[in-house]
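So the sequence shown is residues 1 to 115, counted in full-length UniProt numbering. Take a look at the structure set out below.
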Amino acid sequence: GSKCGRCGTPQYPRQEVCANPKCGAINEMEDYRFSDKKGHLFTYTGDILAFSPSPPAIYGMVDFEGGGRWLFDLNDCDLDSLEVGMPVEMSFRRKYHDVSRGIHAYYWKATPIRA
1 GSKCGRCGTP QYPRQEVCAN PKCGAINEME DYRFSDKKGH LFTYTGDILA
51 FSPSPPAIYG MVDFEGGGRW LFDLNDCDLD SLEVGMPVEM SFRRKYHDVS
101 RGIHAYYWKA TPIRA
């Protein structure tokens with residue numbers, strides 16, 4: 001991600017224009033690692049219509065300490081184990097495997113932190 005050098009607004013994915021409508025700085029972004037920040041589950045849902053190797057596909061909106069919010073796939077959990085406000089951490093995981101081309105695609109996912 002990135003963080004505005006003028007107003008401090010973090011955003012993901014990285015952009016060159018600040019997402020804060022009161023700022024609008026251009027080309028003043030600094031690197032910002034959301035993967036190093038603690039996150040909390042703002043809300044979540046299970047989708048039985050979206051493709052998933054083991055339905056339902058589970059998505060969660062994550063609020064990051066220090067600012068920023070993003071929608072992620074949730075992994076290593078089921079709907080019954082999730083609670084709004086629970087801590088989550090970022091993990092770089094396989095999103096899918098394209099067998100015909102032999103490609104593994106990876107992306108950031110959110111994983112609940114168990115006590």
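Using N, Cα and C, we set each Cβ at its ideal position, and we do this for glycine too. Being a predicted model, the structure only gives us computed values, none of them experimental.
Burial state of residue i (16 or more Cβ within 10 Å)
| i | result |
| --- | --- |
| residue 60 | buried |
| residue 84 | exposed |
| residue 1 | buried |
| residue 72 | buried |
| residue 58 | buried |
| residue 99 | exposed |
| residue 44 | buried |
| residue 15 | exposed |
| residue 64 | buried |
Integer Cβ distance of residue i from residue j, believed to fall under 8 Å
| i | j | result |
| --- | --- | --- |
| residue 67 | residue 9 | 7 Å |
| residue 74 | residue 22 | About 32 Å separates the two Cβ atoms, so there is no contact after all. |
| residue 94 | residue 104 | 6 Å |
| residue 12 | residue 70 | 5 Å |
Residue i - DSSP class collapsed to helix/strand/coil
| i | result |
| --- | --- |
| residue 79 | helix |
| residue 2 | strand |
| residue 35 | helix |
| residue 109 | strand |
| residue 94 | strand |
| residue 88 | strand |
| residue 9 | coil |
| residue 28 | coil |
| residue 99 | coil |
With a threshold of 8 Å, are at least 3 pairs of Cβ atoms found where one atom belongs to the stretch 79-96 and the other to the stretch 33-40? Result yes; three or more Cβ-Cβ pairs closer than 8 Å.
Is it the case that the stretch 21-37 contacts the stretch 71-82, given that we only count it when at least three CB pairs across the two stretches are under 8 Å? Judged by Cβ distances under 8 Å, the stretch 71-82 makes no contact with the stretch 21-37, as fewer than three pairs qualify.
Entirely enclosed beta strand (DSSP E) segments - the stretch 45-77, minimum 3 residues: Assignment of beta strand (DSSP E) within the stretch 45-77, counting only whole runs of 3 or more residues, yields 57-64, 69-73 in chain order.
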